[in-house]
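Visitor: So the protein lines, in turn, are chains A and B.
Terminal number for the first sequence in my numbering: 218, no gaps in between.
Terminal number for the second sequence in my numbering: 218, no gaps in between.
Idealized CB from N, CA, C, for every residue including glycine.
Model, not experiment: these values are computed from the prediction.
Number of protein chains: 2
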Amino acid sequence: MKITIIGATGMAGSALVAEALKRGHSVTALARSAEKLAQLPASPNLTTKVQDAFALTSADFATADVIIDAFATAPSLAFQHIDLATSLIAKFRETTHPRLVFILGAGSLQTGDDHHLFVNDIAKDPNAASFLRIPQSQLKELNFLRDVDNVNWVGISPSANFHPGAATPFLLGDDELLVNANQESGTSTGTMAVAILDEIEQPQHHQTRFTVADK
Amino acid sequence: MKITIIGATGMAGSALVAEALKRGHSVTALARSAEKLAQLPASPNLTTKVQDAFALTSADFATADVIIDAFATAPSLAFQHIDLATSLIAKFRETTHPRLVFILGAGSLQTGDDHHLFVNDIAKDPNAASFLRIPQSQLKELNFLRDVDNVNWVGISPSANFHPGAATPFLLGDDELLVNANQESGTSTGTMAVAILDEIEQPQHHQTRFTVADK
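(1) Since A/Gly189 and A/Asn164 should fall inside the 8 Å C-beta cutoff, what is the C-beta to C-beta distance between them, to a whole number of angstroms?
(2) From the DSSP output, which residues share a beta bridge with A/Gly158?
(3) Just how far apart, CA to CA, sit A/Ala11 and B/Ser160?
(4) How would you list, in chain order, the residues of chain B whose beta-carbon sits under 9 Å from the beta-carbon of A/Phe147?
(5) Would you call the region 103–114 of chain A and the region 34–47 of chain A in contact, with 3 or more CB pairs under 8 Å?
(6) What does B/Ala93 reach in chain A if we use C-beta pairs closer than 7 Å?
(7) Taking the beta carbon of B/Ala184 as the centre, do at least 16 other beta carbons fall within 10 Å, making it buried, or is it exposed?
(8) Report the neighbours of B/Asn155 on chain A: residues whose CB is nearer than 8 Å to its CB, in chain order.
(9) Can you tell me which residues form a DSSP beta bridge with A/Leu175?
(10) Can you check which of these residues, B/Arg96, B/Asp86, B/Thr211 and B/Ile71, is closest to A/Leu148 by C-alpha distance?
(11) To the nearest angstrom, report how far apart A/Leu180 and B/Gln205 are at their CA atoms.
(12) Following the continuous beta strand (DSSP E) through A/Phe165, name the residue where it begins and the one where it ends.
(13) With distances taken Cα to Cα, identify the nearest neighbour of A/Glu97 among B/Pro101, B/Gln113, B/Ala109 and B/Leu80.
(14) In chain order, what residues of the same chain have a beta carbon less than 7 Å from the beta carbon of B/Leu145, not counting five sequence neighbours either side?
(15) My parser needs the alpha helix (DSSP H) runs of 4 or more residues fully inside the region 30–104 of chain A; what are they?
(16) Roughly how many angstroms separate the alpha carbons of B/Gly27 and B/Leu19, rounded to a whole number?
(17) Which first and last residues belong to the alpha helix (DSSP H) in which B/Ser17 is found?
(18) Taking all protein chains shown into account, decide if A/Gln141 is buried (16 or more other Cβ within 10 angstroms of its Cβ) or exposed.
(19) Based on DSSP bridge pairs, tell me the residues matched to A/His28.
(20) Kindly list, in the order they appear in chain A, the residues whose Cβ is closer than 7 Å to that of B/Phe82.
(21) Name the one or two DSSP bridge partners that B/Ile6 has.
(22) Helix or strand or just coil, what does DSSP make of B/Ser140?
(23) Where does B/Ser17 land, buried or exposed, given buried means 16+ other C-beta within 10 angstroms?
(24) Check A/Gly115 in the structure and name its three-state DSSP category.
(25) Alpha carbon to alpha carbon, how far is A/Asp152 from B/Ala132? Give it in angstroms, no decimals.
(26) How would you label A/Thr99, buried or exposed, when you count the other beta carbons within 10 angstroms and need 16 or more for buried?
(27) Considering just the uninterrupted stretch of the alpha helix (DSSP H) at B/Gly193, what are its terminal residues?
(28) At what residues does the alpha helix (DSSP H) containing A/Val122 begin and finish?
(29) Excluding sequence positions up to five away, which residues of its chain have a Cβ less than 7 Å from the Cβ of A/Thr51?
(30) Could you tell me which of A/Val215, A/Arg136 and A/Ile92 sits nearest to A/Ile125, measuring between CA atoms?
(31) According to the Cβ coordinates, are B/Ala23 and B/Leu200 closer than 8 Å?
(32) Rounded to whole angstroms, how far is the Cβ of A/Thr101 from the Cβ of A/Ala67, which I believe are closer than 8 Å?
(33) By Cβ distance, which residues of its chain are closer than 8 Å to A/Ser36, with the 5 residues on each side in sequence left out?
(34) Going by C-alpha distance, which of B/Ala198, B/Lys5, B/Ser90 and B/Ala56 is nearest B/Val30?
(35) With which residues is B/Gly189 paired in a DSSP beta bridge?
What follows is the structure, given as structure tokens:
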């Protein structure tokens with residue numbers, strides 16, 4: 004398939020590029036930095052493009068089967084997570100093709116017996132003040148997406164500790180924060196990439212968000 | 004003040020143009036139809052422009068103090084209410100100027116002892132099937148706006164029966180559908196225009212939605 008990845012040089016994005024190429028897909032990698040794009044693995048199936056995500060037009064996606072929003076930004080610009088999602092959705096109203104995949108944070112997952120939002124736990128950590136606006140904005144992004152019923156979209160959240168690393172066996176869930184048998188809640192970028200490529204190749208979720216955790 | 008009105012030839016928009024001009028404001032009227040724009044009252048304070056609302060850029064609002072979204076569309080394109088709001092919000096993140104005023108429907112108001120959404124009552128009316136997507140989309144538009152805390156926005160909903168007519172004395176409320184002493188729930192376009200211009204001249208609401216009804 005033809006897969007366009009926005010934010011292709013980031014932590015999630017670069018793992019996605021590698022996994023998609025490994026599976027033989029044709030990848031268009033978009034990012035702001037030419038220097039970082041040049042560090043992606045060379046492949047005849049990879050096209051790279053320096054691109055402001057907010058200047059994208061429908062024409063930029065003319066051949067895409069799937070668009071993955073792996074955009075990341077500074078906490079002071081966290082609202083851009085929402086604005087990029089709304090701009091992508093607006094481009095594909097009343098269509099089923101391409102499919103849009105949004106990488107959301109763990110903050111919008113539910114946890115505990117009372118199913119409270121995990122972002123509320125994050126907010127209690129004094130060390131989280133510097134980045135809290137990111138999970139808060141990704142929750143708003145999901146709230147927006149949940150109202151979208153005429154675009155072919157799916158969202159995916161990692162578990163609490165999203166970190167660089169190779170894929171492992173994994174657990175899948177819906178809206179509850181997952182923990183493994185050791186009571187750890189983590190997702191490697193490799194696992195995230197495998198879960199997303201599996202979902203792209205064999206769609207199991209439609210207009211909803213699911214979650215993945217390292218087993 | 005310099006007021007830009009999107010959808011300036013519509014039922015709400017044309018009443019807003021008249022009221023704003025009457026109060027001496029400088030009005031920029033945007034609409035898709037040159038023919039309808041030509042029917043607006045001639046005034047040295049009125050500038051008209053044929054404009055696709057989805058092609059607007061920040062530069063189009065360079066001199067605006069207030070932008071009023073009075074956009075209306077066919078029920079089959081009801082999602083455009085949401086997409087126009089998200090595109091306007093994205094243009095003015097982290098600003099307090101200009102102020103954005105969104106005209107929302109009555110469907111997102113609450114009614115009854117259980118404070119259910121009025122759109123649920125609308126949905127029970129068999130005659131509403133043809134236009135139900137409009138109030139449903141305007142509810143989603145408000146849901147989106149309620150998550151926006153870094154733009155200077157306000158929303159306003161008419162009462163159940165929004166109809167052309169001159170301004171009357173009126174009632175103001177917050178999120179509950181208003182009825183007058185005769186148990187009628189209606190808002191004339193003239194009343195809507197007065198309530199909006201009052202709010203523009205003397206802001207009483209910030210990042211919230213209020214409602215107005217004919218007394």
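Guide: Checking against the coordinates, here is how it stands:
(1) 4 Å
(2) A/Phe105 and A/Arg212
(3) 42 Å
(4) Ile85, Thr89, Lys143, Asn146, Phe147 and Asp150
(5) no
(6) Asp86, Thr89 and Ser90
(7) exposed
(8) The premise fails here: B/Asn155 is roughly 14 Å from chain A at the closest Cβ pair, so nothing lies under 8 Å.
(9) A/Val215
(10) B/Asp86
(11) 46 Å
(12) Asn164 to His166
(13) B/Leu80
(14) Leu107, Ser111, Gly158 and Arg212
(15) 37–40 and 82–94
(16) 12 Å
(17) Met14 to Lys25
(18) buried
(19) Answer by DSSP bridge pairing: none, since A/His28 is not bridged.
(20) Arg96 and Asn153
(21) B/Val30 and B/Val69
(22) helix
(23) buried
(24) coil
(25) 17 Å
(26) exposed
(27) Thr192 to Glu204
(28) Phe121 to Lys127
(29) Ala32, Leu40 and Leu43
(30) A/Arg136
(31) yes
(32) Just to set this straight, residue 101 of chain A is Pro in the shown sequence, not Thr. Rounded, the Cβ-Cβ distance is 5 Å, consistent with contact.
(33) Thr12 and Val53
(34) B/Lys5
(35) B/Asn164
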